[in-house]
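Down below is the structure, laid out as structure tokens.
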Amino acid sequence: MSYFQEFWKGIWKENPVLILMLGMCPTLAVSSSAKNALGMGLATTFVLVGSNMVISLVRNAVPGKVRIPCYIVIIAVFVTIVEMLMAAYAPAELNRTLGIFIPLIVVNCIVLGRAEAFASKNGVIRSGLDGLGMGFGFTLALMALGAVREFLAEGTLFELQVVPGWEPFMLMKLAPGAFIVLGFFLAGMNLLKIRQARREGKKYTPPEVDCSRCNICNR
Amino acid sequence: MIKQLHFYGGIHPVEDKVAQSVPIVEPPILETYMVPLQQHIGAPAKAVVAKGDQVKRGQLLGEAQGFVSAPVHAPTSGVIREVTTCLGPSGAQVPALLLASDGEDAPADPMPAIDWHQASPGDLRQRISAAGIVGKGGAAFPTVVKLSPPPNKKIDTLILNGVECEPCLTADHRLMLERAADIVTGAQITARILGAKKIIIGIENNKPDAIEVMRQAGADYGIEVCSLRVRYPQGAEKQLIYAVTGRKVPSGGLPADIGCLVQNVGTAAAIADAVCLGKPLYERVTTVTGTPLVSPGNWRFRVGTTYSEAIKLAGGVKEDPIKIISGGPMMGMAVYSLDIPIIKSTSGILLLSKDELTQFAVRPCIRCGRCNDSCPMGMMPGILSVQIENQRYELAEKWHVMDCIECGCCAYTCPASRPLVQHLRRAKAEVQAARRAKAGK
Amino acid sequence: MTTVILLTVTGLVSGLAIGIVVKFYGTTPNPLEEKLLELVPGANCGGCGFAGCEGYAKAMAEGSAKPGACPLMNDAVVQEICALLGVESEARKPMVAIVCCSGDDDHAQRMAFYNGVNDCQNAMLVAGGGKGCVYGCLGLGSCARACPYGAIEIRPNHIAVVHPELCVGCGKCVLACPRRLIKLTPKSAPVHVFCSSPERGALKRKFCSAACIGCRKCVKEAGEDQVSMNGALAAINYDNPPDAGVAAACPTGALRTTAVMESTRG
Amino acid sequence: MSENTIRLPDTSKLVISSSPHLHEDDSVRRIMFMVILALLPACIAGAWFFGPRALWVLLVCVASCVACEILCTRLMGREVHVSDGSAALTGLLLGMNLPVTTPTWICVIGSAIAIVLGKMIYGGLGYNPFNPALVGRVALLLAFPTVMTTWIAPMTRRLEWAGVNSVTQATPLGVSELTAGTLPFSYWDLFWGRTGGCIGETCVPALLLGGIFLIALNIIRWHVPVFYLATVAIITGVTHWLAPAQCAPPLYHLLSGGLMLGAFFMATDMVTTPLSRKGAVVFAVGCGVLTSVIRIWGSYPEGVSFSILIMNSLTPLIDRWTAGKPFGTPRRAPREVKP
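Chains as they are written, first to last, in the working numbering: chain D, 1 to 219; chain P, 1001 to 1441; chain V, 2001 to 2266; chain S, 3001 to 3339.
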């Protein structure tokens, strides 16, 4: 796999949010506006690249049994750095809205997941590119979610009024809006996958999740 | 009169008992009879005659195979033309004998009559077994098995089932009117075999004439008649016992567990015939009814009469029926051929015309809860059917699917016309198979 | 400076704690089982008779299952597993399911309209489903729903047809068919008898124009050791199957090479 | 009758199906249309009090619900069963839960949410865990709080034509929160519906008429409205007796807000409420408790929709708890021994 593919897979084929379904907590929480999403995405990207590269460096020195504590310490270091950097340079308002979600990157599934699944098995450059791709994939997905939600809620994009006289659609700003928009995004991804599979002449069956075939509630 | 209790649920369909004032008629001897060797639940009988054999009326044609089985006797005299198979009401091919009648209807030597007041219960049981008597209510369970409860279960009450809660059917009603004395004798014989102290006859109060006749017939022998409210399924075993005695058959148990035994009035009459006259069971009273028929009525058919002959006796049809049902409209089986013979358990032949057709639909349950309210067993057919649609049979077992008596109340009331009974029957079969597999391991 | 000391001390204490736990409670996973788990297909079809691929891998690691039991694995993977386990590999015969009935709506008579749950096993509860031949395919798709690979198609004229290129021979459909019409046969066999009714030929003819009528023409064509008669039903000897040419001898089309029957024949 | 005139049935067109072969003359469609029929008096009352625009709101909601259902079933590749009337009923109920001033496009959004997110994504009729109309209403309430809580006084819309501007007015419950102790509306006004509120919720006699009609037809259980209203009456009664300044008298609570509409038409929705009678009682009492709690101590003046939605989510549990023991199970069953 070429270096470019290593980078690119995180953006589309293995997008952490839309395909791997990782890091749902910040995805749902901070995608209320495109700006928040961008801030969160960049912070995560920084942590991902840094931790992936360092973990890849030390991967042969760390014994398998204590790898998770080691990874966590490394990730925590980068999160602390990014937290301090943001406190120093980021707009105060952005910092306030992101709040607890920056320290929480420590336990973000994407970061630990890439460390475990990729950085611990691959070289430094590949790990770095993987982290960069995953980070950008995360950022883009978050921004797309954030942009849609912000637009539907306020009629704005990055706080610029796009449609004047928009009646505020508060639902999209609230938690249900995050779930609903994410749900439609995932449905769209499934649709794309089905189309693609059909074009290639393969049979694609989406996972069978349909309330009419399930009665878990009556267990 | 006994104070009767009301069971929970149930329905009240249109009664439609058009043939209740038509007396039982003896049909003429036919040219051929197709006598199936399996007319009961359990192992089929084994033929003891071969092709070309000359037989007489009441002669043994097939002997019982094992304990849960019953022998089969010749309905008339004639020649066995063929040993073959025929279509049964369940849609399966069953072994059968084609009997060509010689028109003489010569009787075989009858079994000696027994003085039942003196005879031992063992002798009486043996006679009932030899006469091939099976439950005439519909399930056709060999009567002798029912009359041999385990020794640790004492039966103190015999209940005769004259309820006939199925709409349209009138065979038991006519039988009670015309053969009350024999029914009483049969009941007493049964009570003697079991050592039961008390005999109660349960009859729905839409048959006041039958209640009156039975009360008079039974008065001298201390037999009580219980007039029951008209509510389907009043004639179901567990509901009937509850209504007349207030006892509840435990879930998964048998009436013998609470000291009761329920017997159809027709079976009682057959027992009286077998014991007092030595006559084996080869005929039964069957109602042939339905709106497409010219003249519905009740006939004492010989076993082996095909449905087409029965419909001919009822004057044929005015219009083509859309459904032919063996049994009553609530629990009977739909059949698709007129070559099916009447057997010992055929309580009725019912023809439905197009506008009476129930069209089942595979539409979702809207959870209205009507099945819940109408289920006489207190189950939740709606939830069960959804579970069964998803093949969650182990879950259905937990939700008591095995308690279902297949009375059909749930499907009758379902506004979404879901085939609930079919779902439940499927689940019962699956659960039974799973249990057998478990027991086999 | 405080930061460095604090982190060092924390690291030392945590490391010690982990070390103690490893020392006293550590378990070693079975590496063989993990390797096998990577090799098994992961479809969890149950064709091997174990609870999913994981159960199969575990059983193989314990030595209680043979590497050839999985219908999905290709020979290369089986060889690999055999090498891993250090056992001789056995020659496998790939199997494929066939539906032994030709009685679609064009050929077989339906006696009544069935109204109820769309499932063969449910239809069997209602007067046997209403098909004239009580041994014939009901075409309501119990087998198709049971197939984990989507290899069974219910044709528009109500008959189940197995697509051999998709079928892996797991045998789930065999159990699902209430009329026991589906058989597992060697993939190499070119012709099959697409009829299962043991009735006399004349009786079969009454309901189905594509039934095996027991005319013995195929037996004459191929010889007793390749096709034999089982009552009124021809039976292929799958240990020594006849070649495709014998199908031309069948007057009704019950003996043929392809699962799908051309409707022109009726 | 001679032999050759006897006609035997033609067996080629026979139908076979499982027993029973009789069926009650009832269908889902009939049930749905009966409920719609029962709602009509309240709709007419709404149109009378709030002007003809009320009819427009109702019409838009019904039409867009039906359109959404058709679209969804098409997309899902299923048979379209819109003629069973369930989508129309959802639309009607949603419309009755909106203020008469709701803009048309908000009605459409609400209907889309109700049908798509409230019903079809769960698998369609029969599988939705929440009452779709209430899902739509609550979503709109959260999304457009100002629009959804702007009420006009009844009868003023009709005066608009005569050149008088419509007057905004708080709902009885909103008022009682603000100036507790003195009742701003007479009971008589509340009963007839001469107060601000949603289109279909103010006129109590019309709702009662429809509810009793449904109970008489055995389409809804009487247990639900009776226990629901009784619970609210008891809790508000006790609270009013203890702290009259905090809580309006029980009758005021019963007659105001969406309680009547909720008790007769929302809490009795078949799909989302428990199956058994016992379960229905538990459900109704739960709704009553939640409604009273939200009304008295919650930050929202009205709690009917929220309480019914919360109880909807408990329906499977209630079903399980109240599942009847089959006939013949001893009252106190011995502890089940697990094999």
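Just so you know, even glycine gets a beta-carbon here, dropped at the ideal spot from N, CA and C.
Just so you know, these numbers come straight off a predicted model, no measurement behind them.
Could you name the residues of chain C that residue i contacts, counting a contact when the two beta carbons are closer than 9 Å?
i       : result
I100(D) : Any reference to chain C falls outside this structure, whose protein chains are D, P, V and S.
In this structure, what does DSSP give as the bridge partners for residue i?
i        : result
F3033(S) : F3033(S) pairs with nothing; no bridge assigned.
M2095(V) : P2186(V)
P1036(P) : A1096(P)
V30(D)   : V30(D) is not bridged to any residue.
L1158(P) : I1199(P) and L1261(P)
F118(D)  : According to DSSP, which records beta bridges pairwise, F118(D) is partnered with nothing at all.
R2110(V) : K2131(V)
Y1232(P) : I1011(P)
F169(D)  : F169(D) pairs with nothing; no bridge assigned.
Apply the 10 Å Cβ neighbour rule to residue i and answer buried if 16 or more other Cβ atoms are within range, or exposed otherwise.
i        : result
A2009(V) : Looking at the sequence shown, residue 2009(V) is not Ala but Val. Label assigned to V2009(V): exposed.
A230(D)  : Coverage of chain D is limited to positions 1 through 219, which leaves residue 230(D) absent and any answer about it impossible.
V2191(V) : buried
E159(D)  : exposed
T3195(S) : buried
P3250(S) : buried
N2240(V) : exposed
V1035(P) : buried
F4(D)    : exposed
E208(D)  : Residue placement at E208(D) is poorly supported in this model, since its pLDDT is 43, which falls under 50; the coordinates are not used for a value here.
K1279(P) : buried
R3335(S) : Note that R3335(S) has pLDDT 48, beneath the 50 cutoff, so the model's placement of it is unreliable and no number is given.
R2205(V) : exposed
G2005(V) : According to the sequence as given, residue 2005(V) is Ile; it is not Gly. I2005(V) comes out exposed.
M1(D)    : exposed
T3291(S) : buried
P2178(V) : buried
Q2226(V) : buried
V1014(P) : exposed
E3024(S) : buried
E1026(P) : exposed
D3319(S) : buried
Please confirm whether residue i and residue j have their CB atoms less than 8 Å apart.
i        : j        : result
L140(D)  : C25(D)   : no
I1203(P) : V1225(P) : yes
E1319(P) : P1292(P) : yes
M134(D)  : G10(D)   : yes
L3208(S) : A3038(S) : no
V3066(S) : P3103(S) : no
Would you list, in chain order, the members of the segment 2223 to 2237 of chain V that have their beta-carbon closer than 9 Å to a beta-carbon of chain S?
-> none
Return the residues of the segment 1243 to 1268 of chain P that lie within a Cβ-Cβ distance of less than 7 Å from chain V, sorted by chain order.
-> none
Can you list, in chain order, the residues of the segment 1167 to 1197 of chain P whose Cβ is nearer than 7 Å to any Cβ on chain S?
-> P1167
Could you tell me whether the segment 1345 to 1356 of chain P touches the segment 3111 to 3122 of chain S, using the rule of 3 or more Cβ pairs below 8 Å?
-> no
Is the number of C-beta pairs between the segment 1260 to 1280 of chain P and the segment 1419 to 1438 of chain P that are closer than 8 Å three or more?
-> no
Could you tell me whether the segment 3240 to 3248 of chain S touches the segment 3262 to 3279 of chain S, where touching means 3 or more Cβ pairs closer than 8 Å?
-> no
At least three beta-carbon pairs within less than 8 Å, the segment 1053 to 1064 of chain P to the segment 1320 to 1337 of chain P = no
Kindly confirm or deny that the segment 3010 to 3019 of chain S and the segment 2112 to 2123 of chain V touch, where touching means at least three C-beta pairs closer than 8 Å.
-> yes
Quick one: which residues of the segment 2108 to 2121 of chain V get their C-beta closer than 9 Å to a C-beta of chain S? List them in chain order.
-> M2111, A2112, F2113, Y2114, N2115, G2116 and V2117
Three or more C-beta pairs below 8 Å linking the segment 1367 to 1376 of chain P and the segment 1196 to 1216 of chain P = no
Mind the definition here: the segment 56 to 68 of chain D touches the segment 2013 to 2026 of chain V only if three or more C-beta pairs lie below 8 Å; say whether that holds.
-> yes
Closer than 9 Å, Cβ to Cβ, to anything on chain V: give me those residues from the segment 1329 to 1350 of chain P, in chain order.
-> M1333, A1334, V1335, Y1336 and S1337
Using a Cβ cut-off of 8 Å, which residues of the segment 65 to 94 of chain D contact any Cβ in chain V, in chain order?
-> K65, V66, P69 and V73
Is the segment 2204 to 2224 of chain V close to the segment 2096 to 2110 of chain V, with three or more CB pairs under 8 Å?
-> yes
For the segment 3277 to 3292 of chain S, which residues have a CB atom closer than 9 Å to at least one CB atom of chain P, in sequence order?
-> R3277, G3279 and A3280
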